[in-house]
Amino acid sequence: MVSFTLPPFVLVSAYCVISQTSAFRSSPRLGHAAAISRTSSAASAVAPSPPKAEARTAPSVVVGKFDSYASTFESHLVDNLKYCAPREVARAASERIANDRDGEPYASALDAGCGTGLAGPPLRRLVSGPLVGADLSPKMAELAAELVVDDGPDPIVPDRMRRCSETARLALASDAPDRLYDGVFTADLLDLSHANFLEGYGHEVREMPSEPFDLIVAADVLCYFGAMDEVLEVFSERLAAGGDVIFTTETMNGGDYNWVETSSGRFAQNPEYVERMALQAGLAKVYQSAFTPRMESGEKVLGTLHIFTKL
Numbered sequence: 000m001v002s003f004t005l006p007p008f009v010l011v012s013a014y015c016v017i018s019q020t021s022a023f024r025s026s027p028r029l030g031h032a033a034a035i036s037r038t039s040s041a042a043s044a045v046a047p048s049p050p051k052a053e054a055r056t057a058p059s060v061v062v063g064k065f066d067s068y069a070s071t072f073e074s075h076l077v078d079n080l081k082y083c084a085p086r087e088v089a090r091a092a093s094e095r096i097a098n099d100r101d102g103e104p105y106a107s108a109l110d111a112g113c114g115t116g117l118a119g120p121p122l123r124r125l126v127s128g129p130l131v132g133a134d135l136s137p138k139m140a141e142l143a144a145e146l147v148v149d150d151g152p153d154p155i156v157p158d159r160m161r162r163c164s165e166t167a168r169l170a171l172a173s174d175a176p177d178r179l180y181d182g183v184f185t186a187d188l189l190d191l192s193h194a195n196f197l198e199g200y201g202h203e204v205r206e207m208p209s210e211p212f213d214l215i216v217a218a219d220v221l222c223y224f225g226a227m228d229e230v231l232e233v234f235s236e237r238l239a240a241g242g243d244v245i246f247t248t249e250t251m252n253g254g255d256y257n258w259v260e261t262s263s264g265r266f267a268q269n270p271e272y273v274e275r276m277a278l279q280a281g282l283a284k285v286y287q288s289a290f291t292p293r294m295e296s297g298e299k300v301l302g303t304l305h306i307f308t309k310l
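With numbering that gives the first Met the number 0, the residue at position 8 of the sequence shown is 7, and numbering never jumps.
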C-alpha cells in the first residue's frame with residue numbers, strides 16, 4: 000500500500016488550546032463524552048490554555064490547506080484512513096426517512112461544507128428537490144460541481160464519484176447526465192448570504208436559496224469550529240420547521256471543558272455542550288451516537304453523529 004503523509008491540519012494531536020472562559024465551561028459530568036473516551040487510546044493530556052483561544056480555525060487557513068489537498072483528498076481519506084463521515088450522515092438521513100418521515104424524502108437539502116461531494120451521491124436519492132453544496136475551499140467545491148448523476152441500472156461502484164466537464168457533458172446532447180448538485184457555491188457557513196455561485200457547470204440553482212432547507216448536513220466540517228453557538232444558529236435559521244440537521248463532530252477524550260482545540264487546528268467537543276447549543280438555537284435532539292469518522296495513526300478517532308430537528 001502506498002504511504003501518505005496527512006497534512007498537519009488534519010492530524011489529531013495533543014490538545015494544546017482549551018477554552019477556559021466562563022462562557023465555555025461545562026459541567027464536571029461528561030456523560031456521553033466520558034463513555035466513548037474509553038473506546039480509544041488516542042487521547043493525550045491537556046496543556047495550559049493561552050490567554051485567548053480562537054473559537055474556529057481561520058477561514059484563510061482552511062482555504063489554503065484544502066485547496067492544496069483537493070486533488071488527493073478522496074483517495075487519501077477514503078482509501079487510507081477509512082473515512083466514513085459522509086456515508087454515515089447520509090445513512091442517518093435515510094433512516095430518518097424510513098422511520099420517522101413515512102418514507103417521504105426531504106424536499107431540499109444543503110450539504111454544508113460539501114468538500115469534493117462525497118456525501119452527494121447517497122444524499123441525491125434522499126432529496127426530491129434542490130440539493131445544494133457549499134464549501135469554503137474553491138478547489139474542493141469545483142470537484143463537487145463536476146459531479147453528475149450516475150443513474151444507470153448497474154453502477155460500476157455504488158455511490159461512485161462520477162465527474163464530467165461541462166463541455167463533455169453538453170456534447171452528449173440528449174444523453175447528457177444531470178448534475179448531481181443543483182447548485183454549488185463557495186461560502187463561509189457563517190455568512191451564507193454572501194455565497195458565490197460556481198459558474199461554468201450548468202447548475203440551475205444560481206443563488207443560495209432564501210427558502211429554508213428541509214435537511215442540512217455537515218460531515219466532518221464542524222471540527223473546524225470550537226464554539227458551536229453561531230454555526231448552529233445559522234443552521235437553525237436556514238432550516239424549515241420539521242426539518243433535520245445532521246452533522247458530525249470530533250469528541251473530547253475526557254475533561255470538563257465544552258471544547259478543545261488541537262495543535263492541528265481541529266476542534267473536539269463535549270456532546271452535552273453541543274446539545275445545549277442546539278437547544279439554544281431552537282433545535283431539539285433526535286439522536287447522538289458515538290462513531291468512528293476515520294482512522295488516524297492506527298487509532299480510531301473519537302466522533303459523535305448528531306441529529307437535531309426544528310420543531
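The beta-carbon is built from N, C-alpha and C at its ideal position, and this holds for glycine as well.
Quantities reported herein were computed from a predicted structural model and do not represent experimental measurements.
Residue of the options minimising C-alpha distance to residue i
i, options, result
"residue 224", "202, 188 and 210", "188"
"residue 67", "143, 302, 137 and 308", "137"
"residue 201", "211, 209 and 184", "184"
"residue 274", "231, 105, 168 and 77", "231"
"residue 209", "165, 73, 107 and 297", "107"
"residue 293", "54, 84, 255 and 95", "84"
"residue 234", "70, 112 and 80", "112"
"residue 79", "95, 229, 295 and 301", "295"
"residue 279", "53, 69 and 229", "229"
"residue 226", "240, 271 and 65", "271"
"residue 287", "305, 64, 298 and 199", "305"
"residue 197", "100, 131 and 172", "131"
Local Cβ density within 10 Å of residue i, reported as buried at 16 or more and exposed below that
i, result
"residue 159", "exposed"
"residue 3", "Its pLDDT being 36, under 50, residue 3 is placed unreliably by the model, and the measurement read from it follows with that caveat. The residue is exposed, with fewer than 16 neighbouring Cβ atoms inside 10 Å."
"residue 177", "exposed"
"residue 330", "It is not possible to answer for residue 330, since the shown part of the chain is limited to 0 through 310."
"residue 195", "exposed"
"residue 269", "buried"
"residue 142", "buried"
"residue 206", "exposed"
"residue 303", "buried"
"residue 260", "buried"
"residue 56", "buried"
"residue 102", "exposed"
"residue 17", "At residue 17, the pLDDT of 33 sits below 50, so the modelled position is not reliable; the number obtained from the coordinates is stated separately. Its Cβ being crowded by 16 or more others within 10 Å, residue 17 is buried."
"residue 257", "buried"
"residue 167", "exposed"
"residue 91", "buried"
"residue 26", "Any reading at residue 26 must be qualified, since the residue scores a pLDDT of 30, below 50, and its modelled position is unreliable; the value itself is stated next. Residue 26 comes out exposed."
"residue 316", "Residue 316 cannot be examined here, being either before or after the span of the chain that is shown, 0 to 310."
Terminal residues of the beta strand (DSSP E) in which residue i lies
i, result
"residue 266", "266-268"
"residue 184", "182-185"
"residue 138", "Unbroken run through residue 138 is the alpha helix (DSSP H), 137-144; no beta strand (DSSP E)."
"residue 119", "That residue, residue 119, is in no beta strand (DSSP E); its alpha helix (DSSP H) goes 119-123."
"residue 165", "Residue 165 -> not in any beta strand (DSSP E); alpha helix (DSSP H) instead, spanning 165-170."
C-beta contact flag for residue i and residue j at 9 Å
i, j, result
"residue 245", "residue 282", "no"
"residue 62", "residue 216", "no"
"residue 116", "residue 146", "yes"
"residue 307", "residue 277", "yes"
"residue 135", "residue 93", "no"
"residue 310", "residue 240", "yes"
"residue 165", "residue 199", "yes"
Rounded separation between residue i and residue j - CA only
i, j, result
"residue 140", "residue 252", "32 Å"
"residue 211", "residue 236", "8 Å"
"residue 190", "residue 109", "14 Å"
"residue 242", "residue 129", "14 Å"
"residue 86", "residue 250", "18 Å"
"residue 105", "residue 220", "21 Å"
"residue 204", "residue 181", "6 Å"
"residue 41", "residue 74", "Confidence at residue 41 is low in this model, with a pLDDT of 34, below 50, so its placement is unreliable and no value can be given for it."
"residue 121", "residue 179", "10 Å"
"residue 82", "residue 123", "20 Å"
"residue 170", "residue 162", "14 Å"
"residue 186", "residue 70", "20 Å"
"residue 193", "residue 114", "18 Å"
"residue 133", "residue 144", "10 Å"
"residue 254", "residue 218", "25 Å"
"residue 127", "residue 98", "18 Å"
"residue 222", "residue 265", "5 Å"
"residue 96", "residue 285", "13 Å"
Delimiting residues of the alpha helix (DSSP H) encompassing residue i
i, result
"residue 88", "84-99"
"residue 68", "58-73"
"residue 197", "No alpha helix (DSSP H) contains residue 197, which DSSP labels as neither H nor E."
"residue 236", "228-236"
C-beta neighbour in chain B for residue i, strict 9 Å
i, result
"residue 292", "Reference to chain B is not applicable here, since this structure consists of a single protein chain."
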